[in-house]
Amino acid sequence: MWNEPSAGVVLAETNGEVRLPAPAVVDRVEPDSIGDELGIQPGDRLLSINGVRPRDLIDLQFLVGEEELCLEVQDPDGSVHRVELEKDADEGLGLAFTEALFDGLKQCNNACPFCFIDQQPPGHRRSLYVKDDDYRLSFLYGSYLTLTNLSAADWQRIEQQRLSPLFVSVHATNPELRSQLLVNPRAALLLEQLAWFQQRQLQIHAQVVVCPGRNDGEALEQTLRDLSDFAGGEWPAVLSAAVVPVGLTRYRPDGDGLVPVDRSCAQRVIAQVEALQEGFRERFGSRFAWLSDEWYLMAGYPLPDRADYEDLPQEGNGVGSIRSFLEAMDEATSDLPAALAAPRRVSWVVGQLVAEALQPAVDRLNQVEGLEVLLKGLPSPYWGQDQVVTGLLTGSDLLEGLEGAELGDELLLPAVMLRQGEPIFLDDQPFEAVAAQLKSPVRLVHGADDIVAACLGD
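Under the numbering used here, think of the first position of the sequence shown as 376, with each following residue one higher.
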């Protein structure tokens, strides 16, 4: 019988029989916070809170909610300090940690042929090949999971700690088809699992990766209609559904039977989902199911208006993200100077798929006298994709796509191309090494305001 506490592992009850999570290693300390006042520093290890070892950041948030705390903190030299304090219930410690999970990552137990992780070349950093299927990261950061690897203890914890909403990769609701797509018989339990969420007033956001010939057409319609059956009432179990196209690379296994999405397929899927949206709006007052922006770009259609995305429930999944960026660019270019004090010529690199949509913003910038912005929409030979989003461009794609090109005074490189927190591309090439081979100084840019400021030389 499972007897693990609702938040962490009680150290006094382990008796050496339970494998403890690793201590939480401090990465940053917020100035003037409780942690700062206590003298906690990066590199220190948080061993326990009130005698409990947290398993992850979720446990830690529960534990620090108490007004009276006893912290056990270990210095890098091994010295252990015990600190008792009182604080307000809603006051945090002001600590950030090197990892979100202290007891290890729950990895995927499926074998989806369309998994992007399996469509990479070998020999790069280990983190690129880790198949995350952890419900805790789904709750904390919105990453997608399949629900196929959850133990009884995991389900109990989701209920006890109210870990909602989660983000679930559905792909199909037909039990047999979903089992085939995930190559896992446990995938057939999805509808029962959605009923479990509904009964407990817990919620999910759903995702469907469309593989032409596999789960499109009638299967896609059934999936969205089945999901919508859990979307009504005062406490809907399914809050939204995102429909995204499968991404295939030249490294995918032979004989996987998958075909890429082409223009005619994109147009068919758009027509199908937009027709369903009208029915959902009548039932729920919401479109409920949305298409990622890539569908419209691949179909050669204009993106929907910003209002069509409502409150952007799936923006992190590419649903409305490009539309939001275009809106931000409109605002950032609404009050441009008439001219620059000195002529300036810059290049801005983006994925070829989004270049056409961004051209109007570039045209507005080029109305500034003395400014010339060259939009460089690049394909990805590395992945074997002509139509690619900016975040998938690699260092080798830059070097190949910009070889011999006149880049001007500066090259603007979106930071989304680099691993978060580290200056390295998806193909493991260091940013500095790539920048050194380009013919122009390189500036990393973040967001619309930063791009416009860089174009103007600010």
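For glycine and all other residues, C-beta sits at the position ideal for the given N, C-alpha and C.
Every value quoted in this text rests on a predicted model; they were computed, and no experiment measured them.
Nearest C-alpha to Pro789 among Glu781, Ala811, Cys830: Cys830. Closest option to Ala707, judged by alpha-carbon separation, among Asp529, Val827, Asp465: Val827. Apart from the 5 residues on each side of it in sequence, Gly693 sits with its Cβ closer than 7 Å to the Cβ of Val619, Ser667, Asp668, Glu669 in its chain, given in chain order.
In the DSSP assignment, Gln689 forms no beta bridge with any residue. A distance below 7 Å between beta-carbons, with the five flanking residues on each side excluded, links Thr523 to the following residues of its chain, in chain order: Asn484, Asn485, Leu557, Asn559, Arg561, Ala562.
Leu470 is the residue among Pro396, Leu470, Asp508, Ser454 whose C-alpha sits nearest the C-alpha of Glu405.
A check of alpha carbon separations from Thr598 across Arg575, Leu569, Trp610 identifies Leu569 as the nearest. Residue pairing from DSSP places Arg720 in a beta bridge opposite Glu747. Annotated three-state conformation of Glu731 is helix, per DSSP. When the alpha-carbon of Tyr519 is set against those of Lys481, Ser526, Gln536, Ser661, the nearest one is in Lys481. By the 16-neighbour rule on beta-carbons within 10 angstroms, Thr521 is buried. Here Leu819 has Leu788, Ala790 as same chain residues with Cβ atoms under 7 Å from its own Cβ, once five neighbours each way along the sequence are excluded. A distance below 7 Å separates the beta carbons of Phe477 and Ala399. Phe542 and Gln582 have their C-alpha atoms some 8 Å from each other. According to the DSSP assignment, Arg818 belongs to the beta strand (DSSP E) that extends over 817 to 820.
Beta-bridge pairing by DSSP links Leu476 to Asp431. Taking C-alpha positions only, His456 is separated from Asp824 by approximately 45 Å.
For Val809, the enclosing alpha helix (DSSP H) covers residues 806 to 812. Excluding five sequence positions before and after Arg537, the CB atoms of its chain that fall closer than 8 Å to its own CB belong to Leu577, given in chain order. For Asp402, the uninterrupted beta strand (DSSP E) run begins and ends at 399 to 404, by DSSP.
Going by beta carbons, Ala475 and Phe437 fall outside the 7 Å limit.
Ile424: member of the beta strand (DSSP E) spanning 420 to 424, first to last residue. Bridge partners of Ala581 according to DSSP: Val543, Ala616.
In the DSSP annotation of this structure, the continuous segment of the alpha helix (DSSP H) that includes Val648 starts and ends at 638 to 659.
Put simply, of Ile409, Pro451, Ser513, Leu512 the residue whose alpha carbon is nearest the alpha carbon of Asp463 is Ile409. Assigned with DSSP and collapsed to three states, Cys445 falls in strand.
A contact between stretches requires three or more CB pairs, one per stretch, nearer than 8 Å, and the segment 723 to 737 meets this requirement with the segment 762 to 776. DSSP places Trp530 within a helical segment (H, G or I) once states are collapsed to three. Straight-line measurement puts the Cα of Gly695 at about 13 Å from the Cα of Ala732. DSSP, reduced to helix, strand and coil, places Asp509 outside both helices and strands of the structure shown, so it counts as coil.
With contacts defined by Cβ atoms closer than 7 Å, Val621 and Val584 form a contacting pair. Judged by beta-carbon spacing, Pro688 lies beyond the 7 Å limit of Ser603, meaning their Cβ atoms are not closer than that value. Assignment of Tyr519 by DSSP, reduced to helix, strand and coil, places it in the strand class. Listed as beta-bridge partners of Trp610 by DSSP are no residues whatsoever. For Ser603, the secondary structure class from DSSP, reduced to helix, strand or coil, is helix.
Gly779 places its beta carbon 7 Å or farther from that of Val721.
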